[in-house]
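Please read the structure below before turning to the comments.
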Amino acid sequence: MSATASQGEEAQVRGLVERWAGAIRAKDVEGVLSQYGRDIVSFDLAPPLATVGADAVRKSLTAWFPTFRGPVGYDVRDLAVMAGSDLAFCRSLNRITGTRTDGTETDVWVRMTLCCRKIGDSWKIVHEHASVPFYMDGSFKAAVDLTP
């Protein structure tokens with residue numbers, strides 16, 4: 221693949237990530253799902269260990285979005301994209317902010333990896349992995365206090 225073609229694919233994948241993040245900000249379940257492949261596998265922050273398929277992800281998002289008053293703050297930082305002709309992966313540090321329905325403020329940085337596949341003429345997210353590190357002092361406490 222030529223450098224120009226690779227740059228074109230990278231730009232398309234970056235557009236996919238921006239549409240996905242924008243739909244999260246808007247708490248638009250169907251908008252988020254439209255960025256995923258039908259057989260999405262999500263290793264998300266919330267249980268279970270794996271969420272498989274669009275219907276399961278829909279259920280997860282439908283439960284999560286209403287826990288925020290108003291929009292979800294969702295920023296993608298340091299996005300790196302490596303794209304070929306039909307497969308790509310992205311890594312970034314993403315910040316989730318917002319006011320929960322109980323009045324508490326959320327402000328957490330998450331490590332994100334997205335695996336994307338070109339299906340037909342459009343890129344779709346087929347795997348996502350969100351994580352936070354944990355302290356290795358034996359407490360196994362999530363290190364949600366870290367910032368870039």
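Sequential numbering of the sequence shown, starting at 221, is according to the working numbering.
All C-beta atoms in this analysis are idealised placements derived from N, C-alpha and C, irrespective of residue type, glycine included.
Remember, it's a predicted structure, so these values are computed and weren't measured experimentally.
Measure from the alpha carbon of residue i to the alpha carbon of each residue in the options, then state which is nearest.
| i | options | result |
| --- | --- | --- |
| Val-301 | Gly-318, Trp-343, Ala-276 | Trp-343 |
| Pro-267 | His-349, Phe-309, Cys-336 | His-349 |
| Gly-290 | Gly-257, Val-277, Asp-322 | Asp-322 |
| His-347 | Tyr-355, Phe-354, Lys-338 | Lys-338 |
| Ala-287 | Asp-295, Lys-247, Gly-304 | Before going further, note that residue 287 is Thr rather than Ala in the sequence given. Nearest of Asp-295, Lys-247, Gly-304 to Thr-287, Cα basis: Lys-247. |
| Thr-367 | Gly-340, Ser-312, Phe-360 | Ser-312 |
| Gly-228 | Asp-298, Val-296, Asp-264, Ser-305 | Ser-305 |
| Thr-326 | Tyr-294, Phe-354, Ala-303, Pro-353 | Tyr-294 |
| Gly-235 | Gly-273, Leu-299, Asp-264 | Leu-299 |
| Thr-319 | Ala-241, Ala-231, Gln-232, Arg-245 | Arg-245 |
| Trp-240 | Met-356, Ser-359, Ser-254 | Ser-254 |
Thinking residue i and residue j are a contact (beta carbons under 8 Å), I'd like their distance in whole angstroms, please.
| i | j | result |
| --- | --- | --- |
| Val-330 | Asn-314 | 5 Å |
| Ile-345 | Gly-257 | 7 Å |
Could you check what DSSP says for residue i in three-state terms: helix, strand or coil?
| i | result |
| --- | --- |
| Thr-326 | strand |
| Val-261 | strand |
| Leu-236 | helix |
| Ala-362 | strand |
| Ala-246 | coil |
Can you tell me where the alpha helix (DSSP H) holding residue i begins and where it ends?
| i | result |
| --- | --- |
| Lys-279 | 274-284 |
| Leu-253 | 249-253 |
Hey, quick one: how far does the beta strand (DSSP E) through residue i stretch, first residue to last?
| i | result |
| --- | --- |
| Leu-307 | 307-320 |
| Leu-299 | 288-303 |
| Val-346 | 342-351 |
Taking 7 Å as the CB-CB limit, is residue i close to chain B?
| i | result |
| --- | --- |
| Gly-235 | The chain inventory of the structure shown lacks chain B, comprising one protein chain alone. |
Sort out for me which residues DSSP pairs residue i with in a bridge.
| i | result |
| --- | --- |
| Thr-271 | Ser-262 |
| Met-332 | Ser-312, Ala-350 |
| Ile-339 | Ser-342 |
| Tyr-256 | Ile-345 |
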